[in-house]
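Protein chains in written order, with this note's numbering: chain Y, 3 to 560; chain Z, 447 to 758.
A virtual CB, placed ideally from N, CA and C, is assigned to each residue, including glycine.
A quick note: this is a predicted structure, and the numbers were derived from the prediction, not measured.
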Amino acid sequence: MTITTFPPEPKPEPGWSRYFGFCTDAKVIGIQYIVTAFFFFLIGGLLAMVIRGELITPASDLVDRAVYNGIYTMHGTIMLFLFIFPVLNGLNNLLIPTMIGAPDMAFPRLNAVAFWLVPIFGSLLMASFLVPGGPAYSGWWSYPPVSIQNPVGHLLNGQGLWITAVALSGVSSIMGAINFVTTILRMRAPGMSITRMPVYCWTALAAQSLQLIGLPALTGGAIMLLMDLSFGTSFYRPEGGGDPVLYQHFFWFYSHPAVYVIILPVFGVFSELFPVYSRKPLFGYLYVALASFIIVGLGLIVWVHHMFPSGVAQWMRNLFMVTTMLIAVPTGVKVFAWLGTIWGGKLRLTTPMLFCLGGLFNFVFAGITGIMLATVPVDIHVSNTYFVVGHFHYVIYGAAVMGIFAAIYHWFPKFTGRMPYEGLGKLHCLLTFVGANMNFLPMHPLGLMGMPRRVSSYDPEFTFWNVVASLGAFLLGVSIIPFLLNMVSSWIRGPKATHNPWNAIGLEWLLPSPPPEDNFGEEVPTVISRPYGYGTGEPLVEHQVEIERRLELLEASA
Amino acid sequence: MTSPSSNSINAPAVAGVSLWVGLTVLFSHWMGRQAHHWLPVQASTAAPLVDDLFSFETSIGTFVFVGVVSVMVWVMLFNRAEKYDDTDAVPIEGNMRLEVIWTAIPFLLVMAIAFYTIRATSELGVLGPMEHIHPRNQQEELGGYPGDRLPAEQVEVIARQWSWEFRYPDVNVSSTELHLAADQPVTFRLVSEDVLHGFYIPAFRVKQDVIPGRAIDLNITPTREGVYRLRDSQFSGTWFAANQSNVVVESDEAHRAWLEQAARAPLQPGLTLAVSEYAARQLRSNSGWATVPPAPPPQVNVPGSANQPHDA
Numbered sequence: 003m004t005i006t007t008f009p010p011e012p013k014p015e016p017g018w019s020r021y022f023g024f025c026t027d028a029k030v031i032g033i034q035y036i037v038t039a040f041f042f043f044l045i046g047g048l049l050a051m052v053i054r055g056e057l058i059t060p061a062s063d064l065v066d067r068a069v070y071n072g073i074y075t076m077h078g079t080i081m082l083f084l085f086i087f088p089v090l091n092g093l094n095n096l097l098i099p100t101m102i103g104a105p106d107m108a109f110p111r112l113n114a115v116a117f118w119l120v121p122i123f124g125s126l127l128m129a130s131f132l133v134p135g136g137p138a139y140s141g142w143w144s145y146p147p148v149s150i151q152n153p154v155g156h157l158l159n160g161q162g163l164w165i166t167a168v169a170l171s172g173v174s175s176i177m178g179a180i181n182f183v184t185t186i187l188r189m190r191a192p193g194m195s196i197t198r199m200p201v202y203c204w205t206a207l208a209a210q211s212l213q214l215i216g217l218p219a220l221t222g223g224a225i226m227l228l229m230d231l232s233f234g235t236s237f238y239r240p241e242g243g244g245d246p247v248l249y250q251h252f253f254w255f256y257s258h259p260a261v262y263v264i265i266l267p268v269f270g271v272f273s274e275l276f277p278v279y280s281r282k283p284l285f286g287y288l289y290v291a292l293a294s295f296i297i298v299g300l301g302l303i304v305w306v307h308h309m310f311p312s313g314v315a316q317w318m319r320n321l322f323m324v325t326t327m328l329i330a331v332p333t334g335v336k337v338f339a340w341l342g343t344i345w346g347g348k349l350r351l352t353t354p355m356l357f358c359l360g361g362l363f364n365f366v367f368a369g370i371t372g373i374m375l376a377t378v379p380v381d382i383h384v385s386n387t388y389f390v391v392g393h394f395h396y397v398i399y400g401a402a403v404m405g406i407f408a409a410i411y412h413w414f415p416k417f418t419g420r421m422p423y424e425g426l427g428k429l430h431c432l433l434t435f436v437g438a439n440m441n442f443l444p445m446h447p448l449g450l451m452g453m454p455r456r457v458s459s460y461d462p463e464f465t466f467w468n469v470v471a472s473l474g475a476f477l478l479g480v481s482i483i484p485f486l487l488n489m490v491s492s493w494i495r496g497p498k499a500t501h502n503p504w505n506a507i508g509l510e511w512l513l514p515s516p517p518p519e520d521n522f523g524e525e526v527p528t529v530i531s532r533p534y535g536y537g538t539g540e541p542l543v544e545h546q547v548e549i550e551r552r553l554e555l556l557e558a559s560a
Numbered sequence: 447m448t449s450p451s452s453n454s455i456n457a458p459a460v461a462g463v464s465l466w467v468g469l470t471v472l473f474s475h476w477m478g479r480q481a482h483h484w485l486p487v488q489a490s491t492a493a494p495l496v497d498d499l500f501s502f503e504t505s506i507g508t509f510v511f512v513g514v515v516s517v518m519v520w521v522m523l524f525n526r527a528e529k530y531d532d533t534d535a536v537p538i539e540g541n542m543r544l545e546v547i548w549t550a551i552p553f554l555l556v557m558a559i560a561f562y563t564i565r566a567t568s569e570l571g572v573l574g575p576m577e578h579i580h581p582r583n584q585q586e587e588l589g590g591y592p593g594d595r596l597p598a599e600q601v602e603v604i605a606r607q608w609s610w611e612f613r614y615p616d617v618n619v620s621s622t623e624l625h626l627a628a629d630q631p632v633t634f635r636l637v638s639e640d641v642l643h644g645f646y647i648p649a650f651r652v653k654q655d656v657i658p659g660r661a662i663d664l665n666i667t668p669t670r671e672g673v674y675r676l677r678d679s680q681f682s683g684t685w686f687a688a689n690q691s692n693v694v695v696e697s698d699e700a701h702r703a704w705l706e707q708a709a710r711a712p713l714q715p716g717l718t719l720a721v722s723e724y725a726a727r728q729l730r731s732n733s734g735w736a737t738v739p740p741a742p743p744p745q746v747n748v749p750g751s752a753n754q755p756h757d758a
């Protein structure tokens, strides 16, 4: 098996340069996605610091109101379209092929194109800071008519660039989604039936299916918005007989499911990591896996809960409240399964595990405020207030970003071949957890008291909680320093990683760290049992002992 | 998740868990009562309904949250691997009965909340703080109001970038400060002259988007005298944050007196912070960040006062 018929071609030492070019290796693309995403994460974070700096005092005194509106709009847009979606696609690229034993993605060139669209629309969005009139300022929802007012009157304006960038982001995401869905459905290792697939792949499949169903609505809605803005049509323009509320349906039909596109893979990460660091199988694997698709089904029929105060009929309010509430059930199945997994385990509180536990804590909190937001009368009072801002930052930062950090620390050795430093990691985790809670918890009382979101100034009675939130935000800003320090220094000179430093079960841990370009190549192992066989003593694949011994020999000789 | 093999009941464990559940219930109940203090004063008939629902949800939410976090903390304290122990734990792959339980209980729980809410919502619909799209003259037939409680007062609310104007068509009065009589039902007719706005009075627990091209009727009954804030709740552009107004709820007699006095007052420019800030902004050098110019201040009988203290 180790003898090849043809002499191996002299491979050039894979250098740094491949990370800057059009490369079709999913593992390179994955890292390209993640590094690009974190570049934009820093920009989005910097904008958040300006927002919290403005809001530390009641008056509008740090930046001009127009500047504030542009900055909060760009913060949301960058964080969603240039950080969280790309970073998750990065994880998908790294994890999906290695977890299912595929040599690469199904369409490697399409994959590279999908990635390279990110810097392109990213630059386009950044360029909107430089055009006359400044960037888009109508919030990441870009509700018309505000978004089609175009105060400078140029054809080239921030809002137009914003819409173009978002539409391109949709194109990139659709390309990615086609690739991920095809790869998962068609390229699994022999023996890996769909019910033996790791839960991360289940959740990625669910999330990417949502992208395929939802994105056309957003893209269509955005194109009509661009026509209204630039070419004088009246899809949403009331004076021309259009309906501004129509846009809200297009927008939320995608953008609510988008939340599940974000959180589902993070559920996948939790489902992968809790078993590893509790040394127990995932509790109720099949229920956890299937719950992802129940969330997909329900997630597609809840979007009107974003529009309760915007003029929808009573029957719609009741119907969409019930569907929204129902999502708590499959989500609850997952949460209880994770608790069942860690219960009675042998916990190792490593950095990834601590991030997972912190993420779960925050997610449960966000779920409870989510139920409150689903009930119409409470939502009427707190919608478009800081209560909602607090709720979704708990989901996106508290749960999703913490889950992403967990994933990065967990799989870092696999894809870089180096171990991250535990001390810095734990410091990062502590600062993130404290900073996030200090930043986002005070937003709930503010919303309940009646402070609207998106305000550049506020009444003095809101000062106390805003000061606390701003201090928490600055702490979050600091929390990124140990992370960057850790990533850079451990990648350059961290201790060399073995093929399976966490003693985890999964196909990706049967590959060398870092894996070769074509992963298992011709020697894809045959999967013979369900994932997460911790404590059962059952091997995951045929000839597992030989494969592991060979990897150990390889490591010993290196 | 006691192991299924042990038939003997672990008495101290049962007692401990029961005690903890009891304490959690007490704490959740206390949180539910606290929840009322996190909300502004109740100044409309809608407010008690919304607050009771929120309080109920806070109790249930606290119970669930404390329950989950208790398990996490317990596990983190007592289920840690010993140092140098890299063996696996007992492999429990699942439990059908538990899956059914933790599917059924949340299902029943959220359905109970939904049922409670639909009832509260329909009650609110009768009280009026939900949007009524149907024509105004049909309200009585639709059961919206008992005959003697038909809103006596109709107020036209005009939202602009960035000011609120209130017109009392019956007495031909206009104002940039909303005056209402306590315990008298009132109908608002919400219109916007430019973009989306949000008609939000936190003390009334009422919020309704104002949609250009539509006239939306909204009924409420203020119940408490005082001064409250009306805030724009749907982002409307540069001076969105400044697009606020005072709501003065006064006794019926005081309200009548105010209307009479207002009807005699000459028209003058209404309150709008945006106009003055825009003028100041024009004097500074151009920052390059564009804004829509504010609409001129509406001509009203009573501009009102920007600086009076408000209750919520």
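Express the C-alpha separation of Y:PHE269 and Y:ALA209 in angstroms, rounding to a whole number.
-> On the first sequence, residue 209 of chain Y is found 207 positions in, with the first residue counted as 1. On the first sequence, residue 269 of chain Y is found 267 positions in, with the first residue counted as 1. For Y:ALA209 and Y:PHE269, the distance between alpha carbons rounds to 11 Å.
Hey, is Y:GLU241's beta-carbon within less than 9 Å of any beta-carbon in chain Z?
-> For the purposes of this step, residue 241 of chain Y is identified with residue 239 of the first sequence, where counting begins at 1. Cβ-Cβ to chain Z under 9 Å: yes for Y:GLU241.
Report the three-state DSSP secondary structure of Y:LYS498 (helix, strand or coil).
-> Within the first sequence, residue 498 of chain Y is the residue found at index 496, counting from 1. Strand.
State whether the stretch 603 to 618 of chain Z contacts the stretch 675 to 687 of chain Z, with contact taken as three or more CB pairs (one from each stretch) at a distance under 8 Å.
-> yes
Neighbouring residues, chain Z, relative to Y:VAL469 (Cβ below 8 Å) | As a first step, residue 469 of chain Y is located in the first sequence; it is residue number 467 there, counting from the start. None at all; the shortest Cβ gap to chain Z is about 18 Å.
Are the Cβ atoms of Z:ALA527 and Y:VAL457 separated by less than 9 Å?
-> By 1-based counting over the second sequence, the position of residue 527 of chain Z is 81. By 1-based counting over the first sequence, the position of residue 457 of chain Y is 455. No, these two residues do not count as a Cβ contact at 9 Å.
Nearest-angstrom Cα separation, counted from Y:ILE58 out to Y:GLY234 | Position 232 of the first sequence, counting from 1, holds the residue named residue 234 of chain Y. Position 56 of the first sequence, counting from 1, holds the residue named residue 58 of chain Y. Cα to Cα, the separation comes out at about 40 Å.
Helix or strand or just coil, what does DSSP make of Z:VAL673?
-> As a first step, residue 673 of chain Z is located in the second sequence; it is residue number 227 there, counting from the start. Correct three-state label for Z:VAL673: strand.
Is there at least one Cβ from chain Z nearer than 9 Å to Y:ASP106's Cβ?
-> By one-based count along the first sequence, residue 106 of chain Y stands at place 104. No, no contact with chain Z.
Listed in chain order, which residues of the stretch 547 to 558 of chain Z have Cβ atoms closer than 7 Å to some Cβ of chain Y?
-> TRP548, THR549, PRO552, PHE553, VAL556
Y:ASN113: contacting residues in chain Z (beta-carbon distance under 7 Å) | Taking the first residue of the first sequence as 1, we reach residue 113 of chain Y at position 111. Within 7 Å Cβ-Cβ: nothing; Y:ASN113 doesn't reach chain Z, min ~35 Å.
Partner residues on chain Y for Z:GLN654, Cβ-Cβ distance less than 7 Å = As a working note, residue 654 of chain Z is residue 208 in the second sequence. Those within 7 Å of Z:GLN654 in chain Y are PRO311.
Under 7 Å Cβ to Cβ from Y:TRP511, same chain only, skipping five residues before and after it: list those, please.
-> Taking the first sequence and counting its residues from 1, the one referred to as residue 511 of chain Y is at position 509. Result list for Y:TRP511: HIS501, ASN502, in chain order.
Can you name, in chain order, every residue of its own chain whose Cβ lies under 8 Å from the Cβ of Y:ASN181, other than the five neighbours on each side?
-> Position 179 of the first sequence, counted from the first residue, corresponds to residue 181 of chain Y. Excluding residues within five positions, the ones whose Cβ falls inside 8 Å are MET107, ALA108, PHE109, LEU112, ASN113, ALA116.
Assign Y:ALA412 to one of three DSSP states: helix, strand, or coil.
-> Start at 1 with the first residue of the first sequence, and residue 412 of chain Y comes out as number 410. It is worth fixing the name first, because residue 412 of chain Y is His in this sequence and not Ala. Note: Y:HIS412 maps to helix in three-state DSSP.
Which of helix, strand or coil DSSP assigns to Z:GLU599 | Here residue 599 of chain Z is taken as the residue at index 153 of the second sequence, counted from 1. The answer is strand: DSSP assigns Z:GLU599 an E or B state.
Nearest-angstrom Cα distance between Y:PHE365 and Y:HIS308?
-> Position 363 of the first sequence, counted from the first residue, corresponds to residue 365 of chain Y. Position 306 of the first sequence, counted from the first residue, corresponds to residue 308 of chain Y. So the two alpha carbons sit approximately 19 Å from each other.
When burial is assigned at 16 or more other CB atoms within 10 Å of the CB, is Z:ALA461 buried or exposed?
-> Residue mapping note: residue 461 of chain Z aligns to position 15 of the second sequence, counting from 1. Classification for Z:ALA461: exposed.
Just how far apart, CA to CA, sit Y:ILE165 and Y:ILE225?
-> In the first sequence, residue 165 of chain Y corresponds to position 163, counting from 1. In the first sequence, residue 225 of chain Y corresponds to position 223, counting from 1. When rounded, the distance between both Cα atoms is 8 Å.
Locate the alpha helix (DSSP H) running through Y:GLN250, then write down its first and last residues.
-> Translated into the one-based positions of the first sequence, residue 250 of chain Y becomes position 248. Taken as a continuous stretch (DSSP letters only), the alpha helix (DSSP H) holding Y:GLN250 covers 246 to 280.
Check each residue of the stretch 466 to 478 of chain Z: if its Cβ is closer than 8 Å to any Cβ of chain Y, include it; give the result in chain order.
-> none
Grab the span of the beta strand (DSSP E) containing Z:ARG635 for me, first residue to last.
-> On the second sequence, residue 635 of chain Z is found 189 positions in, with the first residue counted as 1. Element bounds for Z:ARG635: 632 to 638.
Same chain, Cβ closer than 7 Å to Y:PRO88, neighbours up to 5 away in sequence not counted = Taking the first residue of the first sequence as 1, we reach residue 88 of chain Y at position 86. The answer, listed in chain order, is TYR35, THR38, ALA39, VAL120.
Give the DSSP-derived three-state secondary structure of Y:GLU589 in the structure shown.
-> This structure does not reach residue 589 of chain Y, given that chain Y is present from 3 up to 560, and the question cannot be answered.
Using the beta-carbon of each residue, which ones in chain Y are nearer than 9 Å to Z:TRP484?
-> For the purposes of this step, residue 484 of chain Z is taken as the residue at position 38 of the second sequence. Correct list: HIS446, PRO447, LEU450, MET451.
Locate the beta strand (DSSP E) running through Z:TRP644, then write down its first and last residues.
-> As a working note, residue 644 of chain Z is residue 198 in the second sequence. What sits at residue 644 of chain Z in the sequence shown is Gly, not Trp. Unbroken beta strand (DSSP E) run through Z:GLY644: 643 to 647.
Compare the C-beta of Z:ALA752 with all C-beta atoms of chain Y and state if any pair is closer than 9 Å.
-> Here the question's residue 752 of chain Z lines up with position 306 in the second sequence. Answer no: the Cβ-Cβ gap between Z:ALA752 and chain Y never drops below 9 Å.
Beta-carbon spacing of Y:ALA471, Y:ASN441 below 9 Å = Here the question's residue 471 of chain Y lines up with position 469 in the first sequence. Here the question's residue 441 of chain Y lines up with position 439 in the first sequence. In contact: Y:ALA471 and Y:ASN441 (Cβ atoms closer than 9 Å).
Got a sec: is the Cβ-Cβ distance from Y:THR221 to anything in chain Z below 9 Å?
-> Here residue 221 of chain Y corresponds to residue number 219 of the first sequence, with the count starting at 1. With 9 Å as the cut-off, Y:THR221 does not count as an interface residue toward chain Z.
Anything in chain A within Cβ reach of Y:ARG54, meaning under 8 Å, just list it in chain order.
-> In summary, chain A is missing from the structure at hand, where the protein chains are Y and Z.
Z:ARG582 (DSSP reduced to helix, strand or coil) = Sequence index remark: in the second sequence, residue 582 of chain Z carries index 136 (1-based). Confidence at Z:ARG582 is low in this model, with a pLDDT of 39, below 50, so the placement of that residue should be treated as unreliable; the coordinate-derived value is given next. Of the three classes helix, strand and coil, the one that applies to Z:ARG582 here is helix, per DSSP.
Please list, in chain order, all residues of the same chain as Z:VAL641 whose beta carbon is under 8 Å from its beta carbon, the five residues on each side excluded.
-> As a first step, residue 641 of chain Z is located in the second sequence; it is residue number 195 there, counting from the start. Excluding sequence neighbours, Z:VAL641 sits near GLN607, PRO658, SER682, GLY683.
Would you call the CB atoms of Z:VAL514 and Z:PHE473 closer than 9 Å?
-> The residue given as residue 514 of chain Z occupies position 68 in the second sequence. The residue given as residue 473 of chain Z occupies position 27 in the second sequence. No. Outside cutoff.
For Y:LEU328, does the three-state DSSP call read helix, strand or coil?
-> Position 326 of the first sequence holds residue 328 of chain Y. Y:LEU328 falls in the helix class under three-state DSSP.
Which runs of the alpha helix (DSSP H) spanning at least 4 residues fall entirely within the stretch 130 to 203 of chain Y, listed in chain order?
-> 160 to 188
Could you check where the beta strand (DSSP E) with Z:GLU611 kicks off and where it finishes?
-> Position 165 of the second sequence, counted from the start, is the residue given in the question as residue 611 of chain Z. Per DSSP, Z:GLU611 belongs to the beta strand (DSSP E) from 609 to 614.
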